[in-house]
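Heads up, the thing below is written out as structure tokens.
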Amino acid sequence: MSSEAKFTGVKIPMRRLGRYEQPLGIDSDDHEIWYRRGEALANLGRNEEALICFDKAVKLAPKNQAAWTFRGVVLIHLKRYEEALTSCDKALEIAPEDKEAWMFRGAALHGLGRYKQAYASYDKVLGIKKTSLWQRLIQKVGNW
């Protein structure tokens, strides 16, 4: 295995996991530690363990949009698409313009075979707005 792991697009040296690998007390109420540990474990492909950490993080800090988003990512990797969709929707309730949450929402919908809805989520990431044929015609006439 390489000395780096990759999950969220950012390479993390394996040695950085050490701090988060230490046993956490059952009463640990630092949501940031749970989030960071989950991220490190996910980067290593240890998705079941990462999910436990993200579950703790969102329980301790229910407004932590990033934890909801990456909880969704881990669930996608575990092919638990319905739960992933719920997590991404929760992240979007907190931060409606978050492009990562929209992207992973699309991936969850794609996994569920709901392609039209998935593409609508991807369009949000790209900033594409749907326009009707009538609206496009008016735009063309206006630019003529």
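First residue of the sequence shown? That's 0 in numbering that gives the first Met the number 0, and the numbers climb one at a time after it. Idealized CB from N, CA, C, for every residue including glycine.
Proximity of Met102 and Tyr80 at Cβ, strictly below 8 Å: Taking 8 Å as the Cβ cut-off, Met102 and Tyr80 do not qualify as a contacting pair.
Distance CB(Ala60)-CB(His30) smaller than 8 Å: Taking 8 Å as the Cβ cut-off, Ala60 and His30 qualify as a contacting pair.
Leu91 vs Asn46 beta-carbon contact at 8 Å: 8 Å or more divides the Cβ of Leu91 from the Cβ of Asn46.
Distance between beta carbons of Gly71 and Ala83, contact taken as under 8 Å: For a cut-off of 8 Å, the C-beta gap from Ala83 to Gly71 is around 4 Å, short enough to register as a contact.
CB of Glu99 within 8 Å of CB of Thr68, strictly: In this structure, Thr68 lies closer than 8 Å to Glu99 by Cβ.
Gln116 and Leu108 closer than 8 Å at C-beta: With respect to the 8 Å criterion, Gln116 and Leu108 are classified as neighbours on the basis of their beta carbons.
Among Ala49, Lys123 and Lys89, the one whose alpha carbon lies nearest that of Glu96: Nearest C-alpha to Glu96: Lys123.
Helix, strand or coil at Asn46 according to DSSP, with G and I counted as helix: Helix.
Ala119 versus Leu50: straight-line alpha-carbon distance, rounded: Rounded to the nearest angstrom, the two C-alpha atoms are 27 Å apart.
Own chain, CB closer than 7 Å to Asn172, minus 5 neighbours either side, in chain order: No statement about residue 172 is possible, as the shown extent of the chain runs from 0 to 143 and does not include it.
For Tyr114 and Ile32, the rounded distance between their alpha carbons: Their Cα atoms are separated by approximately 36 Å.
Closer than 8 Å to chain D by CB, Arg104: Absent here is chain D; the protein component of the structure consists of one chain.
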